[in-house]
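One structure below.
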Amino acid sequence: MNSNKSILLVEDNAQDEKLILRGLRKVNLANQVDVVRDGQQALDYLFREGEFAGRAGEDFPTIVLLDIGLPRVSGLEVLKKLRNDPRTHLQPVVILTSSDEERDRMASYEDGANSFVRKPLDFSEFAETVARLGIYWLAVNKPPPQV
């Protein structure tokens, strides 16, 4: 794997975070997975503001795994802000959510999500889904030049 490929995981549920990280480690894909727990932290991380103003490096993550139901700023609002900023308008974003609502899926795509994935309820299926996401976005997909 390319050493500069990374993931930003935006997840407020500690149990889901553990499952996602375990699934990614299982296939040894990302050299770095940074975790933030709410929408405001995600924006601060990506735009190097607030508590992340001094974040090292210039690159954006290869992929953002974004939950919808987040504290402070919703995942859909984060997605809208990313798409409206020239620095991040092409940033690959996968909505990874427990929501099974058709309106959430439609809103995600309307707001510019690259993919919408419902978190499986079964542990092994959850880990396998995350592993497949990681393989696709870090090993198969060719990101835009700025990412």
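As numbered in my numbering, residues 192 to 338 make up the sequence shown, in order.
Just so you know, even glycine gets a beta-carbon here, dropped at the ideal spot from N, CA and C.
In the structure shown, Arg-216 adopts helical secondary structure according to DSSP, grouped into three states.
Close CB contacts of Ser-299 within its chain, under the 6 Å cut and outside five residues either way in sequence, are with Ile-286, Phe-307 (chain order). For Phe-251, there is no enclosing beta strand (DSSP E), as DSSP marks it with neither H nor E.
Val-218 and Asp-258 do not touch by the CB rule: their CB atoms are close to 21 Å apart, not below 8 Å.
Looking at the backbone, the Cα of Gly-214 and that of Ala-322 are separated by about 5 Å.
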